[in-house]
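>
There are 2 protein chains.
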Amino acid sequence: MITNTGYETVSQLTLGGLRMNAEIIGVGTELLLGQIANTDAQYLSQKLSQLGINLFYHTVVGDNMIRVKQALAIAIERVDLIITTGGLGPTMDDLTKEAIAEFLGLRLIAHQPSIDALEAFFVKRGRTISKNNYKQAYFPEGSIVLPNSVGTAPGAIVEHNDKVFVILPGPPRELQPMFENHVIPYLEAKSDEKIVSKVLKIYGIGESVMEEKIQDILANQSNPTIAPLAGDSELTLRITAKTPRNHDPLALIQPLENRIRERLGDVIYGVNDDTLESVVVSLLTRSSKTIAIAESCTGGLIARRITSIPGASTAFVEGMVTYSNQSKIERLGVSKDTLNKYGAVSYETATEMLKGILKATGADVGIAVTGIAGPGGGTPDKPVGLVYIAIGDKNGYMKVQDYNLLGERTRVQQTASSIALDSVRRMLLNID
Amino acid sequence: MITNTGYETVSQLTLGGLRMNAEIIGVGTELLLGQIANTDAQYLSQKLSQLGINLFYHTVVGDNMIRVKQALAIAIERVDLIITTGGLGPTMDDLTKEAIAEFLGLRLIAHQPSIDALEAFFVKRGRTISKNNYKQAYFPEGSIVLPNSVGTAPGAIVEHNDKVFVILPGPPRELQPMFENHVIPYLEAKSDEKIVSKVLKIYGIGESVMEEKIQDILANQSNPTIAPLAGDSELTLRITAKTPRNHDPLALIQPLENRIRERLGDVIYGVNDDTLESVVVSLLTRSSKTIAIAESCTGGLIARRITSIPGASTAFVEGMVTYSNQSKIERLGVSKDTLNKYGAVSYETATEMLKGILKATGADVGIAVTGIAGPGGGTPDKPVGLVYIAIGDKNGYMKVQDYNLLGERTRVQQTASSIALDSVRRMLLNID
Chain A
914 MITNTGYETV SQLTLGGLRM NAEIIGVGTE LLLGQIANTD AQYLSQKLSQ LGINLFYHTV
974 VGDNMIRVKQ ALAIAIERVD LIITTGGLGP TMDDLTKEAI AEFLGLRLIA HQPSIDALEA
1034 FFVKRGRTIS KNNYKQAYFP EGSIVLPNSV GTAPGAIVEH NDKVFVILPG PPRELQPMFE
1094 NHVIPYLEAK SDEKIVSKVL KIYGIGESVM EEKIQDILAN QSNPTIAPLA GDSELTLRIT
1154 AKTPRNHDPL ALIQPLENRI RERLGDVIYG VNDDTLESVV VSLLTRSSKT IAIAESCTGG
1214 LIARRITSIP GASTAFVEGM VTYSNQSKIE RLGVSKDTLN KYGAVSYETA TEMLKGILKA
1274 TGADVGIAVT GIAGPGGGTP DKPVGLVYIA IGDKNGYMKV QDYNLLGERT RVQQTASSIA
1334 LDSVRRMLLN ID
Chain B
914 MITNTGYETV SQLTLGGLRM NAEIIGVGTE LLLGQIANTD AQYLSQKLSQ LGINLFYHTV
974 VGDNMIRVKQ ALAIAIERVD LIITTGGLGP TMDDLTKEAI AEFLGLRLIA HQPSIDALEA
1034 FFVKRGRTIS KNNYKQAYFP EGSIVLPNSV GTAPGAIVEH NDKVFVILPG PPRELQPMFE
1094 NHVIPYLEAK SDEKIVSKVL KIYGIGESVM EEKIQDILAN QSNPTIAPLA GDSELTLRIT
1154 AKTPRNHDPL ALIQPLENRI RERLGDVIYG VNDDTLESVV VSLLTRSSKT IAIAESCTGG
1214 LIARRITSIP GASTAFVEGM VTYSNQSKIE RLGVSKDTLN KYGAVSYETA TEMLKGILKA
1274 TGADVGIAVT GIAGPGGGTP DKPVGLVYIA IGDKNGYMKV QDYNLLGERT RVQQTASSIA
1334 LDSVRRMLLN ID
């Protein structure tokens, strides 16, 4: 009985006056076993809050027909928008569409365009399509089918009475473009407000220092709102403005952004989807400069980050992962004496690596990194986390600095690569 | 009505025969805004599965008294063990204990040891304790209080009729030691079973094909259970066995694992935490062989993956990211003619890159990759996604293959790096 009363209360609560209230239902036993984190829920939560949709619940349920239908029964009583993630694959475990169809009393019917896309996908891969794959081309009758630009499982939107079901695949790289390209436009069309966010990307300053610098601005926010978020080694500030459809939220964002930029200055390296590597690549491209990289402890991570950017090839000439002393000598001309006298992890070696990569490649700009990523290799005077980062250009400008980085191996490598990229950004902008 | 029937069904389902079924309720609006991921749920999910407790649901609800009580009302109808995370702080938003007390009709009473600990905590930091801090020392009557070794908010266990409520703080660094030191011993004392999982890591076969090869095994699973999971380009099979305390679950897992290995063979590259790169590094280390890598379109990703493994330095000699033709010529001795006649992305160039990297470095094993990662650079006869992967050793063994990889740039790079690593694994194991 308690549950029934419960439902009535919730219904009043969530439906009273509010435009659209949402619940995310993650379907997958792997989530309940902790094999993966529910990053889909976090991604969708951020997007829904940007869209001004009230998200009231996350639910996760296993690959179990009865329990999925139970979760749907609970959700439909307390929200208007139900977003499911996962359970769209070809295996017997994948039953989200089946559960929604059964729950709503709808048939699953074949969607020819999806069948064609599915077969094309396998042909292109030279793989034979197996019978159970066709499962992915069946949808509850009346579905708006959402094409999957990355994988084989399309999503769907089902409107049923006054409720909306958005059915999305589990893998983030499939879910995210599908949400961006198909679900956001669908939801925006239903809304009478426009909400726009602009994210400021920040590197090289601590969270508390940043918040002190803009304390008063944070304290007095209303519309636009400001959401600080601390990432692994970066910070972001999300400015979100809400206006009626016929106004431009950006007009509200701009003056606030200007005030924040006055306070924080050049630690703001970009906006929205900018990354340190994308900013470096575009700075290089715009000034038609080339870059070459000599890496030891970062093991190719810096080259990898730069070459992950489309069009990097116009700026990126060459990278050398000179892990062994031998390769430092042969490829970069680091002298045996230097290695013997100061060691591979030293100011002197970093300097010679930088000179070597610039000389060997003729690139305009160079990076050289040598350090101890750990867990092994540390000594009392050269502990794990000690990293030398050298940046410079072919005109002889050079800056070599040492850092003591915390965390385990991959964290040290990640931080070192970010510092190197940010240092090059500052050099290209002639900042300090 | 549907909901009520629903509940009865669930109750039968989850309580029928099973010892203890659990739900995690995360309390915190920051989770619903996507400001943080629900890592507590993943951590607790892993621990509960290791404890042999069936976790059936994750729920997340905001800092709202009525909705928290609603979530409790739903949970108590469908599970026996309810674990809440978050909402134990001093602010007015923190209301988890208050909601549980109201829901169960219990008073909140002061816990003197917690008051003392709280005051000591503030004295130690020379901070004055504010009145609302004492909120953290009040618990539902009859609680087993769980001391917080890191922060100011203790947790609690409340036994109510045949249900157990475990109340934990939100910050992972407070929640995890509390769970390890106080909750696990409590739960183990209640349990009469042992559960163990073993994960098989699989590469080079599609999810549906794998599914078909072991369809009968999957169809007839009970104990051990088998959970297939499709990652970005890999597959995993988690085998989980449950036995009475005095038996060994591994004895149930082994024969099933053997049957699966008979069906899938050498696409199973490792178990549990193994990765393609960790397996390659350990194969190289065990045979005291060295490796060198020449990368074009993967831009250092293969080197980066190998060097992310602790101890890689004993096997990894050097990587070259020869992005420009110039660097392919100067560093690897690829001939101008070959580049002009066949192009940088060709069987011939991949072959010369491999010979070049082996010659230049003297490594035992080599990898060379050249391709078009996109989005630009594709042509009708050489489309985006065309990648040549060459592997070989210093004794002249060589294998060069072309692939048409799908997806955007970083996906093509990721897949190419995985194929290269798996090819080396197969070479080192003399598989086909």
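One line per chain: the protein sequences are A and B, in this order.
Using our numbering, you'd call the opening residue of the first sequence number 914 and step up by one each time.
Using our numbering, you'd call the opening residue of the second sequence number 914 and step up by one each time.
We treat Cβ as the ideally placed atom computed from N, Cα and C, and that holds for glycine.
This one's a predicted model, so the numbers in the text were calculated from it and none came from an experiment.
(1) Is any beta-carbon of chain B found at less than 7 angstroms from that of A1329/A?
(2) Give me the Cα-Cα distance between Q1167/B and L1150/A, rounded to the nearest whole angstrom.
(3) Going straight from the alpha carbon of L1131/A to that of E1054/B, what length do you get?
(4) Do you know offhand how far E990/A's Cα is from N1317/B's?
(5) Please go through the stretch 1058-1140 of chain B and give each complete alpha helix (DSSP H) segment of 4 or more residues, from N-terminal end onward.
(6) Is any beta-carbon of chain A found at less than 7 angstroms from that of R1322/B?
(7) I'd like to know whether the C-beta of G929/A is nearer than 7 angstroms to at least one C-beta of chain B.
(8) Which residues of the stretch 1105-1129 of chain B have a Cβ closer than 7 angstroms to any Cβ of chain A? Give them in chain order.
(9) Would the stretch 1238-1252 of chain B count as touching the stretch 1247-1263 of chain A if we require 3 or more Cβ pairs under 8 angstroms?
(10) Can you look up V1194/A in the DSSP assignment and give me helix, strand or coil?
(11) Please tell me whether E1015/A has its Cβ less than 7 angstroms away from any Cβ of chain D.
(12) According to DSSP, is P1293/A helix, strand or coil?
(13) Could you give the residue range of the alpha helix (DSSP H) that holds E990/A?
(14) Using a Cβ-Cβ cut-off of less than 9 angstroms, give me the residues of the stretch 936-962 of chain B that come near chain A, in sequence order.
(15) Mapping the DSSP letters down to three states, classify I1042/A as helix, strand or coil.
(16) Compute the distance between the beta-carbons of A1281/A and A1263/A, then report whether it is under 7 angstroms.
(17) What residues from chain B crowd round S1043/A, counting only those whose CB sits closer than 9 angstroms?
(18) In chain order, what residues of the same chain lie with their CB nearer than 6 angstroms to the CB of T1231/B, ignoring the 5 residues before and after it?
(19) Around the C-beta of R1218/B, are 16 or more other C-beta atoms found within 10 angstroms, so that it is buried, or is it exposed?
(20) Quick test of the definition: if touching needs 3 or more C-beta pairs under 8 angstroms, does the stretch 1079-1094 of chain A touch the stretch 1062-1071 of chain A?
(21) When Cβ atoms are compared, which residues of the stretch 994-1011 of chain A fall closer than 8 angstroms to chain B?
(22) Whose Cβ in chain A lies nearer than 7 angstroms to the Cβ of A1257/B?
(23) Cβ of H971/B less than 7 angstroms from any chain A Cβ?
(24) Compute the beta-carbon to beta-carbon distance between H1024/A and F1052/A, rounded to the nearest angstrom, for a pair I have assumed lies under 8 angstroms.
(25) Along chain B, which residues have their Cβ under 8 angstroms away from the Cβ of E1175/A?
(26) Quick test of your reading: G1224/B and V1194/B, contact by CB under 8 angstroms. State the CB separation rounded to the nearest angstrom.
(27) Say yes only if the C-beta of Q1049/B is nearer than 6 angstroms to one or more non-hydrogen atoms of the ligand NAP, and no if none qualify.
(28) Within its chain, find whatever has a CB closer than 6 angstroms to the CB of S1336/B; leave out the 5 residues flanking it on each side and keep chain order.
(29) With H, G and I counted as helix, E and B as strand and the rest as coil, what does DSSP make of I938/B?
(30) Return helix, strand or coil for T1235/A, following the three-state DSSP convention.
(31) If you reduce the DSSP assignment to three classes, tell me which class G1279/A lands in.
(32) For the alpha helix (DSSP H) holding I1219/A, just list the boundary residues, first then last.
(33) Near E921/B, which residues of its chain fall below 6 angstroms by C-beta distance, leaving aside the five closest residues on each side in sequence?
(34) For K1037/A, which residues in chain B fall below 8 angstroms Cβ to Cβ?
(35) Leaving aside the five residues before and after I915/B along the sequence, list all residues of the same chain whose C-beta is less than 8 angstroms from its C-beta, in chain order.
(36) Would you mind listing the beta strand (DSSP E) stretches within the stretch 1005-1035 of chain A that are 3+ residues and don't spill past its ends, in chain order?
Based on what the coordinates show:
(1) Taking Cβ atoms only, chain B never reaches closer than 7 angstroms to A1329/A, which makes this a no.
(2) Straight-line Cα distance between these residues: approximately 51 angstroms.
(3) Approximately 40 angstroms, taken between the alpha carbons.
(4) Taking the straight line from one Cα to the other gives about 48 angstroms.
(5) Within the stretch 1058-1140 of chain B, the runs of alpha helix (DSSP H) that reach at least 4 residues and sit entirely inside it are, in chain order, 1085-1091, 1097-1103, 1120-1126, 1128-1132.
(6) Yes, its Cβ sits closer than 7 angstroms to a Cβ of chain A.
(7) Because G929/A sits at a pLDDT of 28, beneath the cut-off of 50, its placement in the model cannot be relied upon, and the following sentence gives the value as read from the coordinates. At a cut-off of 7 angstroms, the C-beta of G929/A has no neighbouring C-beta in chain B.
(8) Those residues of the stretch 1105-1129 of chain B that come within reach of chain A (Cβ to Cβ, closer than 7 angstroms) are G1119, E1120, S1121, V1122, E1124, E1125.
(9) Proximity of the stretch 1238-1252 of chain B to the stretch 1247-1263 of chain A falls short of the contact definition, fewer than three beta-carbon pairs being nearer than 8 angstroms.
(10) Correct three-state label for V1194/A: helix.
(11) Of the protein chains in the structure, A and B, none is chain D.
(12) In this structure, P1293/A counts as coil in the three-state DSSP scheme.
(13) Counting along the chain, the alpha helix (DSSP H) containing E990/A begins and ends at 978-991.
(14) Legend: CB atoms of the stretch 936-962 of chain B lying less than 9 angstroms from CB atoms of chain A belong to residues I937, G939, L944, L945, L946, G947, Q948, I949, A950, N951, T952, A954, Q955, Y956, L957, S958, Q959, K960, L961, S962.
(15) DSSP places I1042/A outside both helix and strand once states are collapsed to three, so it counts as coil.
(16) Using a Cβ distance threshold of 7 angstroms, A1281/A and A1263/A count as a contacting pair.
(17) Under the 9 angstroms cutoff, chain B gives G1119, S1121, V1122, E1124, E1125.
(18) Position check: residue 1231/B holds Glu in this sequence, whereas Thr was assumed. Excluding the 5 residues flanking it on each side, E1231/B has same chain C-beta neighbours closer than 6 angstroms at A1205, T1274, in chain order.
(19) Counting of Cβ neighbours within 10 angstroms places R1218/B among the buried residues, the total reaching 16 or more.
(20) Yes, they touch.
(21) Correct list: G1002, P1003, T1004, M1005, D1006.
(22) Per Cβ cutoff of 7 angstroms: no residues; A1257/B is ~10 angstroms from chain A at best.
(23) Closer than 7 angstroms: yes.
(24) Rounded to whole angstroms, the Cβ separation of H1024/A and F1052/A is 5 angstroms, and the two are in contact under 8 angstroms.
(25) Think of a sphere of 8 angstroms around the beta carbon of E1175/A: no beta carbon from chain B falls inside it, the nearest being about 26 angstroms out.
(26) The pair is a contact, with the Cβ atoms about 7 angstroms apart (cut-off 8 angstroms).
(27) The ligand NAP is not part of this structure, which contains no ligands at all.
(28) Result list for S1336/B: I1304, in chain order.
(29) In the structure shown, I938/B falls within a strand segment according to DSSP collapsed to helix, strand and coil.
(30) Three-state result, T1235/A: strand.
(31) In the structure shown, G1279/A sits in a strand (DSSP, three-state: E or B).
(32) It spans 1214-1220 - the alpha helix (DSSP H) in which I1219/A sits, taken as one unbroken run.
(33) Because E921/B sits at a pLDDT of 25, beneath the cut-off of 50, its placement in the model cannot be relied upon, and the point is left open.
(34) Against chain B, a Cβ distance below 8 angstroms from K1037/A picks out N1317, L1319.
(35) With a pLDDT of 26 at I915/B, under the threshold of 50, the predicted position of this residue should be treated as unreliable, and no value is reported.
(36) Listed in chain order, the complete beta strand (DSSP E) runs (minimum 3 residues) inside the stretch 1005-1035 of chain A are 1021-1023.
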